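Keeping their order, the protein sequence lines are chains A and B. So the first sequence is numbered by this note's numbering: it starts at 1 and just counts up by one. So the second sequence is numbered by this note's numbering: it starts at 183 and just counts up by one. A short worksheet on the structure shown next.
Number of protein chains: 2
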Amino acid sequence: MLAAARDLLTHRGLQALTMRALAERLDVAPNTLYSHVANKTALIDDLLDEVLAEVQAPTPDIEDPTVGLHQLMASAYDVLLVHPDLVPVYLARQGARGPHAQRLGDITIALLRRAGVVEPAAAEALRVLIIYTIGSAAFASRPPLATGTEHRLNPDESAANFANGLRWLLAGIVQDPTQVRR
Amino acid sequence: MLAAARDLLTHRGLQALTMRALAERLDVAPNTLYSHVANKTALIDDLLDEVLAEVQAPTPDIEDPTVGLHQLMASAYDVLLVHPDLVPVYLARQGARGPHAQRLGDITIALLRRAGVVEPAAAEALRVLIIYTIGSAAFASRPPLATGTEHRLNPDESAANFANGLRWLLAGIVQDPTQVRR
DNA sequence: ACCTGAACACCGTTCAAGT
DNA sequence: ACCTGAACACCGTTCAAGT
Numbered sequence: 001m002l003a004a005a006r007d008l009l010t011h012r013g014l015q016a017l018t019m020r021a022l023a024e025r026l027d028v029a030p031n032t033l034y035s036h037v038a039n040k041t042a043l044i045d046d047l048l049d050e051v052l053a054e055v056q057a058p059t060p061d062i063e064d065p066t067v068g069l070h071q072l073m074a075s076a077y078d079v080l081l082v083h084p085d086l087v088p089v090y091l092a093r094q095g096a097r098g099p100h101a102q103r104l105g106d107i108t109i110a111l112l113r114r115a116g117v118v119e120p121a122a123a124e125a126l127r128v129l130i131i132y133t134i135g136s137a138a139f140a141s142r143p144p145l146a147t148g149t150e151h152r153l154n155p156d157e158s159a160a161n162f163a164n165g166l167r168w169l170l171a172g173i174v175q176d177p178t179q180v181r182r
Numbered sequence: 183m184l185a186a187a188r189d190l191l192t193h194r195g196l197q198a199l200t201m202r203a204l205a206e207r208l209d210v211a212p213n214t215l216y217s218h219v220a221n222k223t224a225l226i227d228d229l230l231d232e233v234l235a236e237v238q239a240p241t242p243d244i245e246d247p248t249v250g251l252h253q254l255m256a257s258a259y260d261v262l263l264v265h266p267d268l269v270p271v272y273l274a275r276q277g278a279r280g281p282h283a284q285r286l287g288d289i290t291i292a293l294l295r296r297a298g299v300v301e302p303a304a305a306e307a308l309r310v311l312i313i314y315t316i317g318s319a320a321f322a323s324r325p326p327l328a329t330g331t332e333h334r335l336n337p338d339e340s341a342a343n344f345a346n347g348l349r350w351l352l353a354g355i356v357q358d359p360t361q362v363r364r
């Protein structure tokens, strides 16, 4: 069912991901879905976390933890853009909450600690990094409706802009003078 | 009509802002609205820009431009949270595009220049700041559906987290060694 | 446990027509 | 220019019932 939902999303977009269309794809009556999932929101939440399974985590003992943080966020950015339609939904739902999201959070905290960022700053930095990464992906995905002559960035420009901001952000986090250094 | 839409949004939320409800509030048939606006998306876009009118810009000759940037983004954050439901829509629409959004962008670029950030980095920094500010507001607004035992931040914690990240980001932007300094 | 027909209470939008 | 009745083509979800 989740696979079918993902398939529908990939090939026909978020607006085509309706309970009725999903039921049709599974050769089942629309209301049958409610025997397997509480409602559409719960289905979407499952989908959000599942997508994050593909994020590549750096090896935990990477030499430079700041580089590791950059790689991790960059991989998350790439994975988010595999389903561009879903990105604004991450924002609306304020991230994912499943096991995959949990795992990425743990890795990030560990890397931050190695970079000299200790609690409570690490939790704050994690939240900031998540917000920035999902937000960047939202701005990189194509808009729901093109209106007028927008000067939009192409995917490469968006990715470069994301990397630049990430560099700024990580520099600010790691170099914060109020921070205890290792 | 825009005022009625805003009223509906404030008192009954985004999901209650339907063309039919708006028509009823204006004592008019639903299809009458289409004599005044192309479709619902166009109406929402007008609404997004109108909200930004209330963002407080610092005086252009503020002593420390970094402080001015912080104040400007903090005011935008506050204004965005006046209509929490609308914030994910800003992300989905990738910001606003009207005259008010334009004005805030111009002011930001001017402050960045005074802080020693010149083109093309200024345009990149502007985009990063917009993404971070709207993203933070999206994470601060209450979720569409509460699921399970979330450990959410309260509004004050969210605002503090936003300010912290903004500080990190501005520090990274202004102190970037690849940047030409004034 | 899993599935169904039928219905409820909605949506955004279009069309032809009226003033 | 502004408004309307009526309809079209959909939604998510619930209910009672069937296997």
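Even glycine gets a Cβ: it sits at the ideal position worked out from N, Cα and C. Predicted model, so just to flag it, every value in this text is computed and none were measured.
Please confirm if residue i has its CB atom under 8 Å from at least one CB of chain A.
i	result
Glu217/B	The question names Glu, but residue 217/B is Ser in the sequence shown. Answer no: the Cβ-Cβ gap between Ser217/B and chain A never drops below 8 Å.
Leu251/B	no
Val261/B	no
Asn374/B	Lying outside 183 to 364, the shown extent of chain B, residue 374/B is not represented and no answer is given.
Ser257/B	no
Leu273/B	yes
Val310/B	yes
Glu206/B	no
Ala353/B	yes
Gly317/B	yes
Asp228/B	no
Residues in the same chain with beta-carbon distance under 6 Å from residue i, minus the five sequence neighbours each way, listed in chain order, please.
i	result
Gln253/B	Pro240
Leu26/A	Ala4
Leu14/A	Asp85
Leu262/B	Val269 and Ala319
Val37/A	Leu43
Thr178/A	none
According to DSSP, simplified to helix, strand and coil, what is residue i?
i	result
Ser323/B	coil
Met73/A	helix
Asp338/B	helix
Ile173/A	helix
Gly330/B	Low confidence applies here, because Gly330/B scores a pLDDT of 43, under 50, leaving its location unreliable; read the following figure in that light. The answer is coil: DSSP assigns Gly330/B none of H, G, I, E or B.
Ala185/B	helix
Ile244/B	coil
Asn39/A	coil
Arg275/B	coil
Leu230/B	helix
Asp267/B	helix
Asp365/B	Any answer about residue 365/B is impossible in this case: the structure gives chain B only from 183 up to 364.
Thr178/A	coil
Leu17/A	coil
Ala345/B	helix
Val299/B	coil
Val261/B	helix
Gln102/A	helix
Ala239/B	coil
Look at residue i and residue j and say whether their C-beta atoms are less than 8 Å apart.
i	j	result
Leu308/B	Leu294/B	yes
Ala5/A	Leu43/A	yes
Val310/B	Gly165/A	yes
Ala319/B	Ala256/B	no
Leu52/A	His83/A	no
Ser141/A	Val55/A	no
Val299/B	Val356/B	yes
Ala304/B	Ile291/B	yes
Asn343/B	Leu352/B	no
Ile131/A	Tyr314/B	yes
Ala205/B	Leu190/B	no
Leu184/B	Glu232/B	yes
Trp350/B	Asp156/A	no
Asp45/A	Arg97/A	yes
Spell out whether any CB of chain B is found under 8 Å from the CB atom of residue i.
i	result
Pro65/A	no
Gln94/A	yes
Ala146/A	Any answer about Ala146/A is weak, because its pLDDT of 45 lies below 50 and its placement is not dependable; what the coordinates show is given next. It does not: the Cβ of Ala146/A has no partner Cβ on chain B nearer than 8 Å.
Leu43/A	no
Pro120/A	no
Ala101/A	no
Ala53/A	no
Going by beta carbon distance, what residues of the same chain come within less than 7 Å of residue i, once the five residues before and after it are set aside?
i	result
Gly105/A	Leu126
Met201/B	Pro212, Leu215 and Lys222
Pro247/B	Leu293, Arg296 and Ala297
Ile236/A	The first residue shown for chain A is 1 and the last is 182, placing residue 236/A beyond what the model contains.
Kindly list the residues whose CB is nearer than 8 Å to the CB of residue i, restricted to its own chain and excluding five residues on each side of it in sequence; keep chain order.
i	result
Leu145/A	In this prediction, Leu145/A has a pLDDT of 44, which is less than 50 and means its spatial position is unreliable; what the coordinates show is noted afterwards. Hits under 8 Å: none found.
Ser158/A	Ser136, Phe139 and Ala140
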